[in-house]
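Going letter by letter, the sequence shown gives residues 2 to 223 in my numbering. Virtual Cβ for every residue (Gly too), placed ideally from N, Cα, C. First the structure, in the form of structure tokens, and then the observations on it.
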Amino acid sequence: MTGWGRVNAVWLILSIFLTGINGIGPAYAKPVKILAIGTSLTQGYNLPPGTDFTAVLQMQLKAQGHDVTVVNAGVSGDTTAGGLARLDWALAETYDAAIVELGSNDALRGLSVEQTQANLEQVLTKLKARKIAVLLTGMKAPRNLGPEYVGAFDAIYPALAKKHGVLFYPFFLEGVAANLKLNQADGIHPNEQGTLVIVRGILPYVDKLIAKVGKPVPKPAS
């Protein structure tokens, strides 16, 4: 190799090295992709475009400096069985992380606690098998279903989160449930202001979720 050839080779290696350091290379170019699989609470039932949970969450994450895409896979009326049935289809694309918001419709219909737990267990197992980081969001049963059902249903979520070692947000509707000002006329689905409250509550947990896939929370500019 001539002297010029050696110089060119050194510059080529150096440019590749510097490209990797600066995060320009292909391995760093893609945003974190989060699948949000859930019910009408995720879908954004009766909300104007761009004000649903996933849209607001993505906006807030980007405002923090995250390069992230949050995909809305919420289906109104979906049960844990429905979520499980369509999970493989939802995972046709590649995801780094997932937010699992399922079970509210199971409780509203008084479905079997054991079956709800089994369905959620399979959802978590499938996601973990694909090495997808998971944030499980808890749900609470309507109190008029009786203490036995309520106790058994509410206990599903922390137990599964502990068993599978996934991040856990105790109650998706924290600060919103039963607050007439934050819900639509049906008293069940959050309005735009309620959605903002939900996102504000869950945001620190989603920061942790992103960190689990190797994307740390950006430091505030000094």
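Requested in this report: Mark Gly188 as exposed unless 16 or more other C-beta atoms lie within 10 angstroms of its C-beta, in which case mark it buried.
Outcome: exposed
Query raised in the report: From Leu36 to Val71, what distance separates their C-alpha atoms?
Result: 6 Å
Query raised in the report: Roughly how many angstroms lie between the CA atoms of Lys34 and Leu181, to the nearest whole one?
Result: 33 Å
Query raised in the report: Lys79: which of Gly202, Ile38, Asn47, Ile100 sits nearest, CA to CA?
Result: It is Asp, not Lys, that sits at residue 79 in the sequence shown. The shortest C-alpha separation from Asp79 is found at Ile38.
**Report entry** Enclosing alpha helix (DSSP H) for Phe154 [first to last residue]
**Finding:** 148-165
Report task. Answer with buried or exposed for Asn145, where buried requires no fewer than 16 other C-beta atoms within 10 angstroms of its C-beta. Result -> exposed
Query raised in the report: Hey, Leu125 and Val167: beta-carbon distance below 8 Å or not?
Result: yes
Query raised in the report: Would you call Asp53 buried or exposed, if buried means 16 or more other Cβ atoms sit within 10 Å of its Cβ?
Result: buried
Requested in this report: Give me whichever residues DSSP pairs with Ile100 in a beta bridge.
Outcome: Ala37, Leu136
Query raised in the report: Which residue spans inside the stretch 49-109 form an unbroken beta strand (DSSP E) run of at least 3?
Result: 69-75, 98-102
Report task. For Gly78, verify whether its CB is less than 7 Å away from any heavy atom of the ligand ZN. Result -> The ligand ZN is not part of this structure, which contains no ligands at all.
**Report entry** Gln118 classed as buried or exposed, judged by whether at least 16 other C-beta atoms fall within 10 angstroms
**Finding:** buried
Report task. Whole angstroms is fine: what's the gap from Val114's alpha carbon to Ala156's? Result -> 10 Å
Query raised in the report: Between the stretch 55-64 and the stretch 202-214, are three or more C-beta pairs nearer than 8 Å?
Result: yes
**Report entry** Contact check, Val69 vs Ile211, beta carbons under 8 Å
**Finding:** yes
Query raised in the report: Which residue comes first and which comes last in the beta strand (DSSP E) that contains Tyr206?
Result: Premise fails: Tyr206 lies in the alpha helix (DSSP H), 193-213, not in any beta strand (DSSP E).
Query - Alpha-carbon to alpha-carbon, Asn73 and Leu62 - result: 15 Å
Report task. Report all residues from its chain with a CB closer than 6 Å to the CB of Leu128; omit the five preceding and five following residues, and keep chain order. Result -> Ala99, Val135
**Report entry** Residues near Thr196 by beta carbon distance below 8 Å, same chain, minus five either side
**Finding:** Gly45, Leu48, Thr52, Asp53, Phe54, Val57
Query raised in the report: Between the C-alpha atoms of His165 and Gln123, what's the straight-line distance to the nearest angstrom?
Result: 11 Å
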